[in-house]
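In the working numbering, the protein residues as written are 18 to 309.
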């Protein structure tokens, strides 16, 4: 009953217009940051798997979910990045650009989540906050990329070995393996959202208060993924926009995902207020009500 009450309060406090504005901003930055995030993901995985294996796994997942057109667009992006890194100067410039673009999306996400919490940065802490946010965002980009990559590679590996596994194991054992894989994917996704809701806000958030919001976000994320995959499979949504179809599909998915993440952050904020009786901000932030 307590959770239902909090859920209803979340719905009433969820500012759709603000969420749409911040989601649009996040989608914009993420599209431009996509090459950087992909390169970081492949680089991290390169220490464990061969680069080509990781690359093929990424492209397979994009193809399965967004369609062949989007997968080809991602493949072209990766090829262009590799071709551009033909000198030391280009590599240095590319690395700095990669860091800035990969962290900008997390800074934008933090602004949206802080808005949900009703928090603003103190005027005299902008430089400190900027440096802290960039370092935090870089760490989050690497961590999220690694966690999602582990889940992605496991899922792609199971898909690749489907026929071989069936030959070796019984059908029931194969289903059990798929259930384990699905459960692991859910745990990883929920953990990623929990980390976002715990670390990103300029507020003192306890771990015990982030898990329900993370679970709700994971469920809505999964439902949205299934519905969008189904819709793309039966419609010509992407082809309507011609050559820009793959970009429109990615933007649509990122926009929806951002809306869901902000809703989960809103639930976490409402839940924390109910449990803790208020919000304790970090030392470099304050409540909007105090800011006037």
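Virtual Cβ for every residue (Gly too), placed ideally from N, Cα, C.
Keep in mind the model is a prediction, meaning the values are calculated, not measured.
Member of 225, 291 and 80 whose CA lies at the smallest distance from the CA of residue 19: On the chain shown, position 2 is the one that residue 19 refers to. Comparing Cα-Cα distances from residue 19 to each of 225, 291 and 80, the minimum goes to 291.
Residues near residue 80 in its chain [Cβ-Cβ closer than 7 Å; skip 5 each side]: As a working mapping, residue 80 is identified with position 63 in the chain shown. So the qualifying residues of the chain are 88.
Can you tell me whether residue 225 is buried or exposed? The criterion is at least 16 other CB atoms within 10 Å of its CB, across all chains shown. Here residue 225 is taken as the residue at index 208 of the chain shown, counted from 1. So residue 225 counts as exposed.
Cβ contact (3+ pairs, closer than 8 Å) linking the region 209 to 217 and the region 231 to 250: yes
Flag this pair as yes or no: are the beta carbons of residue 136 and residue 220 separated by less than 8 Å? Residue numbering aside, residue 136 sits at position 119 when the chain shown is read from its first letter. Residue numbering aside, residue 220 sits at position 203 when the chain shown is read from its first letter. Yes; because the gap between Cβ atoms is below 8 Å, this pair is in contact.
Closer than 7 Å by C-beta to residue 42: which residues in its own chain qualify, once you throw out the five before and the five after it? Chain order, please. Here residue 42 refers to the residue found at position 25 of the chain shown. Contacts found: 125.
Based on DSSP bridge pairs, tell me the residues matched to residue 304. The residue labelled residue 304 in the question sits at position 287 within the chain shown. Looking at the DSSP assignment, residue 304 forms a beta bridge with 136.
Would you check if the distance between the CB atom of residue 241 and the CB atom of residue 277 is smaller than 8 Å? Along the chain shown, read from residue 1 onward, the residue named residue 241 stands at position 224. Along the chain shown, read from residue 1 onward, the residue named residue 277 stands at position 260. A contact, by the Cβ cut-off of 8 Å.
Within 8 Å, strictly: CB atoms of residue 55 and residue 113: As a working note, residue 55 is residue 38 in the chain shown. As a working note, residue 113 is residue 96 in the chain shown. It is not a contact, given that the beta carbons lie outside the stated cut-off.
Straight-line gap, residue 75 to residue 46 (C-alpha atoms, nearest Å): Translated into the one-based positions of the chain shown, residue 75 becomes position 58. Translated into the one-based positions of the chain shown, residue 46 becomes position 29. C-alpha separation (whole angstroms): 20 Å.
Counting along the chain, where does the alpha helix (DSSP H) carrying residue 31 start and finish? Against the chain shown, residue 31 aligns to sequence position 14. Residue 31 -> no alpha helix (DSSP H), and no H or E assigned at all.
Quick check on the burial criterion: 16 or more other C-beta atoms within 10 angstroms. Buried or exposed for residue 23? Within the chain shown, numbered from 1, the residue matching residue 23 stands at position 6. Buried is the call here.
Paired residues, beta bridge with residue 234 - DSSP: Along the chain shown, read from residue 1 onward, the residue named residue 234 stands at position 217. DSSP lists no partner for residue 234.
Pick out whichever of 127, 120, 51 and 116 has its Cα sitting closest to the Cα of residue 93. Translated into positions along the chain shown, residue 93 becomes position 76. It is 51 whose Cα lies nearest to the Cα of residue 93.
Who are the Cβ neighbours of residue 263 in its own chain at under 6 Å, not counting the five residues just before and after it? Against the chain shown, residue 263 aligns to sequence position 246. Closer than 6 Å at the Cβ level, and outside the excluded window around residue 263, lie 86, 87 and 90.
Our contact map puts residue 238 next to residue 274 with C-beta atoms below 8 Å; I'd like the distance itself, whole angstroms only. As a working mapping, residue 238 is identified with position 221 in the chain shown. As a working mapping, residue 274 is identified with position 257 in the chain shown. Indeed, because the Cβ distance is near 7 Å, the residues count as touching under 8 Å.
Own chain partners of residue 228 with C-beta closer than 7 Å, once the 5 adjacent residues on each side are dropped: The residue labelled residue 228 in the question sits at position 211 within the chain shown. If we look at residue 228 and ignore the five residues flanking it on each side, its Cβ neighbours are 211.
State buried or exposed for residue 199, treating a residue as buried only when at least 16 other CB atoms are found within 10 Å of its CB. Within the chain shown, the letter at position 182 stands for residue 199. Looking at its Cβ environment, which holds fewer than 16 other Cβ atoms inside 10 Å, residue 199 is exposed.
Alpha-carbon to alpha-carbon, residue 121 and residue 280: As a working note, residue 280 is residue 263 in the chain shown. As a working note, residue 121 is residue 104 in the chain shown. Each residue's alpha carbon lies about 21 Å from the other.
Do residue 302 and residue 138 count as a contact pair if the criterion is CB distance below 8 Å? For the purposes of this step, residue 138 is taken as residue 121 along the chain shown, with counting starting at 1. For the purposes of this step, residue 302 is taken as residue 285 along the chain shown, with counting starting at 1. Yes, Cβ-Cβ distance for residue 138 and residue 302 is below 8 Å.
Which partner residues does residue 220 have in the DSSP bridge list? Within the chain shown, the letter at position 203 stands for residue 220. For residue 220, which the question treats as bridged, DSSP gives the partners 298.
If I measure Cβ to Cβ from residue 312 and keep anything under 7 Å in the same chain, skipping five residues before and after, which residues do I get? Given that the chain is displayed from residue 18 to residue 309, the structure contains no residue 312 and the question cannot be resolved.
Taking residue 282 and residue 59 to be in contact with their CB atoms under 8 Å, please state how far apart those CB atoms are, rounded to whole angstroms. Locating residue 282 in the chain shown gives position 265, counting from the first residue. Locating residue 59 in the chain shown gives position 42, counting from the first residue. The pair is not a contact, with the Cβ atoms about 29 Å apart (cut-off 8 Å).
I'd like to check one pair, residue 268 with residue 116: are the Cβ atoms closer than 8 Å? Here residue 116 refers to the residue found at position 99 when the chain shown is read from its first residue. Here residue 268 refers to the residue found at position 251 when the chain shown is read from its first residue. No, the pair does not count as a contact, with Cβ atoms beyond the cut-off.
For residue 227, the three-state DSSP class (helix, strand or coil): Locating residue 227 in the chain shown gives position 210, counting from the first residue. Looking at residue 227 - three-state DSSP - the assignment turns out to be coil, as it is neither helix nor strand.
Pick from 206, 299 and 244 that is closest to residue 223, judged by C-alpha positions: On the chain shown, position 206 is the one that residue 223 refers to. Among 206, 299 and 244, the Cα nearest to that of residue 223 is on 299.
Beta-carbon separation of residue 27 and residue 192 under 8 Å? By one-based count along the chain shown, residue 27 stands at place 10. By one-based count along the chain shown, residue 192 stands at place 175. Their beta carbons are not under 8 Å apart, which means residue 27 does not touch residue 192 by this criterion.
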